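Working notes, beginning with the structure itself.
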Amino acid sequence: MILDKNGLYIDDTSSSSRFSVLNQATLDGGIAHLNAYGYAVFSDVMGLNKVEESKELLWQFLESMPAPYNRIRRNQPYT
Numbered sequence: 141m142i143l144d145k146n147g148l149y150i151d152d153t154s155s156s157s158r159f160s161v162l163n164q165a166t167l168d169g170g171i172a173h174l175n176a177y178g179y180a181v182f183s184d185v186m187g188l189n190k191v192e193e194s195k196e197l198l199w200q201f202l203e204s205m206p207a208p209y210n211r212i213r214r215n216q217p218y219t
């Protein structure tokens with residue numbers, strides 16, 4: 141566990157369950173998890189090409205934001 145800037149503990153040691161959309165049983169399990177915990181991580185939603193395209197679109201959006209947020213650059217992690 142780590143402590144964030146607000147003094148709240150964050151569990152950084154466990155991973156979230158993933159639920160494939162390609163199988164009805166796992167999809168149903170994901171929906172049940174979403175209803176029970178308020179979130180779910182679904183896998184197999186997009187192919188690799190769409191993932192790369194989506195990441196590029198996100199970076200284009202972030203890098204084109206107006207001031208004071210216009211300093212975000214993908215090749216400068218400290219931004």
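So that you can map any letter, position 36 of the sequence shown is 176 in this note's numbering, and since no number is skipped, the others follow by simple counting. Heads up, the beta-carbon is just placed ideally off N, CA and C, and yes, glycines get one too. In this text the structure is predicted, and so the values were computed from the model without any measurement.
Kindly confirm or deny that the stretch 183-192 and the stretch 155-164 touch, where touching means at least three C-beta pairs closer than 8 Å.
-> yes
Beta-carbon contacts of Gly170 that lie in its chain and below 7 Å, excluding the five residues immediately before and after = Within the sequence shown, numbered from 1, the residue matching residue 170 stands at position 30. Once the five neighbours on either side are set aside, the close Cβ partners of Gly170 are Phe159, Ala180 and Phe182.
DSSP beta-bridge partners of Arg158 | As a position in the sequence shown, residue 158 is number 18, starting the count at 1. Answer is Val181, bridged to Arg158.
Length of the line joining the Cα atoms of His173 and Thr166 | For the purposes of this step, residue 173 is identified with residue 33 of the sequence shown, where counting begins at 1. For the purposes of this step, residue 166 is identified with residue 26 of the sequence shown, where counting begins at 1. Cα to Cα, the separation comes out at about 10 Å.
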